[in-house]
Amino acid sequence: MARAKPPKAEPLKLAPVRRAASEAARIEAIFARLAAINPEPRGELEYRNHFTLLVAVVLSAQATDVGVNKATKGLFAIADTPQKMLALGEAALAEKIRTIGLYKTKAKNVIALSAALLRDHGGEVPSRLEDLQALPGVGRKTANVVLNNAFGEATIAVDTHVFRVSNRIPIARGKNPETVERGLMRVVPALYLRHAHHWLILHGRYICKARAPSCAICPIADLCRFDAKTGQGAA
Ligand code: SF4
Numbered sequence: 299m300a301r302a303k304p305p306k307a308e309p310l311k312l313a314p315v316r317r318a319a320s321e322a323a324r325i326e327a328i329f330a331r332l333a334a335i336n337p338e339p340r341g342e343l344e345y346r347n348h349f350t351l352l353v354a355v356v357l358s359a360q361a362t363d364v365g366v367n368k369a370t371k372g373l374f375a376i377a378d379t380p381q382k383m384l385a386l387g388e389a390a391l392a393e394k395i396r397t398i399g400l401y402k403t404k405a406k407n408v409i410a411l412s413a414a415l416l417r418d419h420g421g422e423v424p425s426r427l428e429d430l431q432a433l434p435g436v437g438r439k440t441a442n443v444v445l446n447n448a449f450g451e452a453t454i455a456v457d458t459h460v461f462r463v464s465n466r467i468p469i470a471r472g473k474n475p476e477t478v479e480r481g482l483m484r485v486v487p488a489l490y491l492r493h494a495h496h497w498l499i500l501h502g503r504y505i506c507k508a509r510a511p512s513c514a515i516c517p518i519a520d521l522c523r524f525d526a527k528t529g530q531g532a533a
């Protein structure tokens, strides 16, 4: 009697699961290491209160934090509330921030957002993403920085550094900041979400630089999958 054929074996489907698990472990290890090096990372913009934080972040678009800090030192000494900013006026504000790129547009926006804060929010900086984004000159990135720094929310603001290093290492890939933001929110372990964008900004600014990443001194080099890892920065 012919023997019945054994049932065809189904291919095991473990590989993707294992890969996903090891990928999560790799990302967790990256943040654990960045956290161990700098447990309480801080942004480098200087401010006095929620309003001056908002203004500083608006001014920092396409400008360096160092450059913004130089300009706002004198500005915030005389205008650290929406009322005082309106009293200062657009022309005088523009003069105070003229060393910052796009200063004329930014002066116009800061005056308009000061008026909007007084008109719609009793002079306070709102704590909802939609309300922040409705203010003149405030985009998603700025709103996320304010939510994170002023209100302690676990948001991720994707600036040029976060965008580059997230795609490069990679941690979360995407063609635009919002896709990267959503990817990061999905893969960064909850424990590290609050400070994730600070760690990535600092890592991008000082180690994983745009043109010449300092891979030789990078603390996460063994966890990075960037094909073009270099020895630059070893000196
Ligand atoms: S190894 Fe190089 S490319 Fe990778 S994260 Fe470090 S500095 Fe960036």
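Taking my numbering, the leading residue of the sequence shown gets 299, the next gets one more, and so forth.
For glycine and all other residues, C-beta sits at the position ideal for the given N, C-alpha and C.
Small disclaimer: the values here were computed from a predicted structure and weren't measured.
Put simply, the stretch 442-453 touches the stretch 418-427. At least three CB pairs are less than 8 Å apart.
By the 16-neighbour rule on beta-carbons within 10 angstroms, residue 403 is exposed. Listed by position along the chain, the residues with Cβ atoms less than 6 Å from a non-hydrogen atom of ligand 1 are 466, 467, 505, 506, 511, 512, 513, 516, 518, 519, 522, 524, 527. By the neighbour-count criterion, in which 16 or more other beta carbons inside 10 Å mark a residue as buried, residue 364 falls on the exposed side.
The beta carbon of residue 348 lies closer than 6 Å to those of 423, 448 in the same chain, with the five residues before and after it left out.
When DSSP states are grouped into helix, strand and coil, residue 412 belongs to the helix group. Put simply, of 375, 327, 352, 508 the residue whose alpha carbon is nearest the alpha carbon of residue 410 is 352. In the displayed model, residue 524 falls within coil according to three-state DSSP, outside both helix and strand. Where residue 339 is concerned, there is no enclosing alpha helix (DSSP H), because DSSP gives it neither an H nor an E. Of the residues assessed, residue 454 falls on the buried side of the cut-off, its CB having 16 or more other CB atoms within 10 angstroms.
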